[in-house]
Structures are given as C-alpha cells and as structure tokens.
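With the working numbering applied, the sequence shown covers 21 to 196. Before any comments, here is the structure.
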Amino acid sequence: MTDLGQRLASGDEDAFTEVVKQYSRKVYALCYRTLRDEEEAKDMAQEVFVRIYTKRGSFKGRSSLYTWIYRIALNMCFTHLKKRRVGTVPLEDVERTLSAPEADGPGGRAELEARLAAAVKNLSPRQRAVFSMRFYDRMTYKEIAEASGTTTGAAKANHHFAVEHLRKILGEGDKK
C-alpha cells in the first residue's frame with residue numbers, strides 16, 4: 021500500500037486533499053468519457069470524491085490507489101447510466117459529426133479526434149469504459165480488470181470488440 025493510500029485509509033484529512041488534487045482531472049475525464057455530458061461529469065466527479073471520502077477506510081491496498089479510485093468512479097458512472105437508461109447515440113448523429121467542417125482542414129488531427137470521439141459514443145458503456153482506460157489512460161489489461169471488477173480476459177475481450185466496432189464505424193472494417 022502506498023503512503024498516500026495508507027494515510028487516506030487511516031482518515032488523514034490532508035491525504036484526502038492530496039487525493040483530490042492528484043486525481044480530480046482523471047476522475048472528471050473518466051466521468052466525461054463515460055457519461056458524455058459535461059455537467060453530469062462534473063457532478064459525478066464530485067459525487068465520486070464524496071464516496072471516496074466516506075469509504076476511505078475500506079481501502080486495503082490490494083490494488084493501487086488509482087485503480088481503487090477508478091473502480092469507484094466507473095461503478096458510479098455505470099449506475100448513473102443505468103438509472104438514466106442511456107443507449108447508444110444514433111448513427112445519424114455520428115454522420116452529422118463526421119461531416120462537420122474542421123478548422124484545421126480535411127484529414128487533420130482535430131477531424132480525426134472528432135471522428136473517434138463520435139464513434140466511441142456508439143460503444144456500449146462497458147466497451148466505452150474499457151476502450152477509454154486502454155487508449156486514453158494507457159492502463160494495462162490487468163489494471164483495467166481490477167478497475168472494472170472483471171478478469172483480464174474479459175478486459176481484453178471488451179477492448180477487442182470495442183476496437184472492432186470502432187473500425188466498422190470509422191470505415192476501416194477491411195483493414196487488420
């Protein structure tokens with residue numbers, strides 16, 4: 021268990037403040053990528069830190085502090101999505117996003133990022149979360165499994181199916 025994790029688990033208020041400073045951007049980014057709404061992501065990130073504070077004594081150090089925090093955030097986002105009953109974004113919305121003109125010209129980085137972001141919205145919440153952890157957060161499959169409460173094999177499978185789905189959406193289905 022890391023020093024920060026030990027201090028947090030023991031109820032050290034300064035440790036909690038450090039956790040908020042160190043992980044607030046990452047938690048917000050995860051919430052935004054999962055919920056796809058800025059205001060909901062801000063609210064959810066705050067709720068995540070409230071949960072971390074109230075559950076801080078339950079951190080046992082069996083995983084890294086970051087993985088523990090990530091799992092709390094991910095579970096809370098999934099619960100929120102279930103309550104909201106969000107499905108996938110209609111394909112018409114993706115096509116509209118893909119056809120929008122970009123400031124840096126056709127084929128530029130901004131266009132590619134916009135296309136990817138639009139395509140990621142079409143993944144199931146679990147695939148979107150796994151893809152985001154792997155692609156944006158550069159987590160290993162083992163870390164993804166710990167954060168999502170699944171096996172490493174399930175994390176790999178979810179990532180594989182997410183990538184295959186993205187290839188189809190982005191028109192790269194024939195490429196391997």
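We put the CB at the ideal spot given by N, CA and C, even for glycine. It should be emphasised that the depicted structure is a prediction, and the values quoted were computed from it without experimental measurement.
Residue span of the alpha helix (DSSP H) that contains residue i, given as start and end
i: Phe203; result: Lying before the first or after the last residue shown, residue 203 is absent from the chain, which here runs from 21 to 196.
i: Ser168; result: 161 to 168
i: Asp34; result: 33 to 55
i: Thr171; result: From DSSP, Thr171 is part of no alpha helix (DSSP H); its letter is neither H nor E.
i: Phe69; result: 58 to 75
i: Gly25; result: 23 to 29
Cβ shell of residue i (< 6 Å), same chain only, five flanking positions each side left out
i: Lys62; result: none
i: Ala139; result: Leu186, Ile189, Leu190
i: Pro110; result: Only weak support exists for where Pro110 lies, its pLDDT of 41 falling under 50; the value from the coordinates is given anyway. Contacts found: none.
Rounded distance between the beta-carbons of residue j and residue i, thought under 8 Å
i: Ala29; j: Phe79; result: 4 Å
i: Thr37; j: Ala167; result: No, Thr37 and Ala167 are not in contact; Cβ-Cβ is about 23 Å, not under 8 Å.
8 Å Cβ shell around residue i - same chain, five flanking residues per side excluded
i: Ala177; result: none
i: Tyr156; result: Ala49, Arg53
- Query: So, do the region 141 to 157 and the region 66 to 84 have three or more beta carbon pairs nearer to each other than 8 Å?
  - Reply: no
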